[in-house]
Amino acid sequence: MGDTRTDLAALEATRRRIREEHLRPPAERPASTARGLHHTALISSDVETTVRFYQDLLGFPLTELIENRDYPGSSHFFFDIGNGNLLAFFDLPGLDLGPYAEVLGGLHHLAISVEPGRWAEIVERLTAASVDHAVHSDVSVYFTDPDGARIELIADPLGEMYGTKVL
Numbered sequence: 234m235g236d237t238r239t240d241l242a243a244l245e246a247t248r249r250r251i252r253e254e255h256l257r258p259p260a261e262r263p264a265s266t267a268r269g270l271h272h273t274a275l276i277s278s279d280v281e282t283t284v285r286f287y288q289d290l291l292g293f294p295l296t297e298l299i300e301n302r303d304y305p306g307s308s309h310f311f312f313d314i315g316n317g318n319l320l321a322f323f324d325l326p327g328l329d330l331g332p333y334a335e336v337l338g339g340l341h342h343l344a345i346s347v348e349p350g351r352w353a354e355i356v357e358r359l360t361a362a363s364v365d366h367a368v369h370s371d372v373s374v375y376f377t378d379p380d381g382a383r384i385e386l387i388a389d390p391l392g393e394m395y396g397t398k399v400l
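Residue 347 in the numbering used here sits at position 114 of the sequence shown, with consecutive numbering throughout.
Here it is as structure tokens:
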């Protein structure tokens with residue numbers, strides 16, 4: 234069996250090298266070519282269960298429910314997650330999709346910023362609804378949606394993470 238220890242010093246040296254080579258000071262960064270995140274699309278096994286979870290429990294209003302143009306019979310539906318951003322879902326009836334899996338190129342978690350007062354309220358609702366969750370650093374709560382996608386609600390302002398400015 235091979236050595237499974239990770240050389241943390243080597244990993245930090247790699248991060249340092251990448252920062253030095255690629256991270257520009259804010260005044261030297263070009264403007265992004267993007268206008269913002271239009272939507273992130275996840276897969277839902279059941280439209281109504283997903284609507285109840287994201288709209289009724291988390292408080293993200295359903296904004297539209299249409300047919301998926303790429304797969305007849307499939308729904309494409311959207312939730313308002315604030316700041317002009319959408320969280321979208323597809324259901325793909327008839328496809329034998331396996332359970333959520335964390336794989337290279339896949340979703341690790343989706344972090345959504347919420348106001349601190351709303352954050353505390355949603356954590357209480359998760360508890361009341363018996364949704365298993367874990368609170369970290371008094372500003373982040375992690376849980377999985379009905380299909381196993383990992384979600385983080387973070388009370389830090391947009392562009393900050395645990396007191397560090399990231400944008």
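Think of the CB as a built atom: it goes at the ideal place given N, C-alpha and C, for glycine as much as any other residue. Small disclaimer: the values here were computed from a predicted structure and weren't measured.
Return the CA-CA distance between residue i and residue j, expressed in angstroms with no decimal places.
i    : j    : result
D313 : G350 : 18 Å
A260 : E254 : 16 Å
V284 : L295 : 7 Å
Q288 : P379 : 13 Å
S278 : P326 : 8 Å
A246 : L256 : 15 Å
I299 : P305 : 11 Å
R249 : I345 : 28 Å
E354 : G381 : 22 Å
Enumerate in chain order the residues of its own chain whose CB-to-CB distance from residue i is below 7 Å, with the five nearest sequence positions on each side excluded.
i    : result
L330 : I276
V364 : F376
Less than 8 Å between the CB atoms is what I'm expecting for residue i and residue j, so what's the real figure, rounded?
i    : j    : result
N301 : F323 : 5 Å
R383 : Y375 : 6 Å
Excluding sequence positions up to five away, which residues of its chain have a Cβ less than 6 Å from the Cβ of residue i?
i    : result
G235 : Its pLDDT being 47, under 50, G235 is placed unreliably in this model, and the coordinates cannot settle the point.
V356 : V374
Cβ contact check for the stretch 318-330 and the stretch 259-273: 3 or more pairs under 8 Å: Because the criterion of three Cβ pairs below 8 Å is met, the stretch 318-330 and the stretch 259-273 touch.
Which runs of the beta strand (DSSP E) at least 3 residues long sit entirely within the stretch 324-400? Give them in chain order. Runs found: 343-346, 366-369, 373-377, 383-387.
Can you give, in chain order, each stretch of the alpha helix (DSSP H) that sits fully within the stretch 237-308 and has at least 4 residues? Here the runs fully enclosed are 241-255, 280-284.
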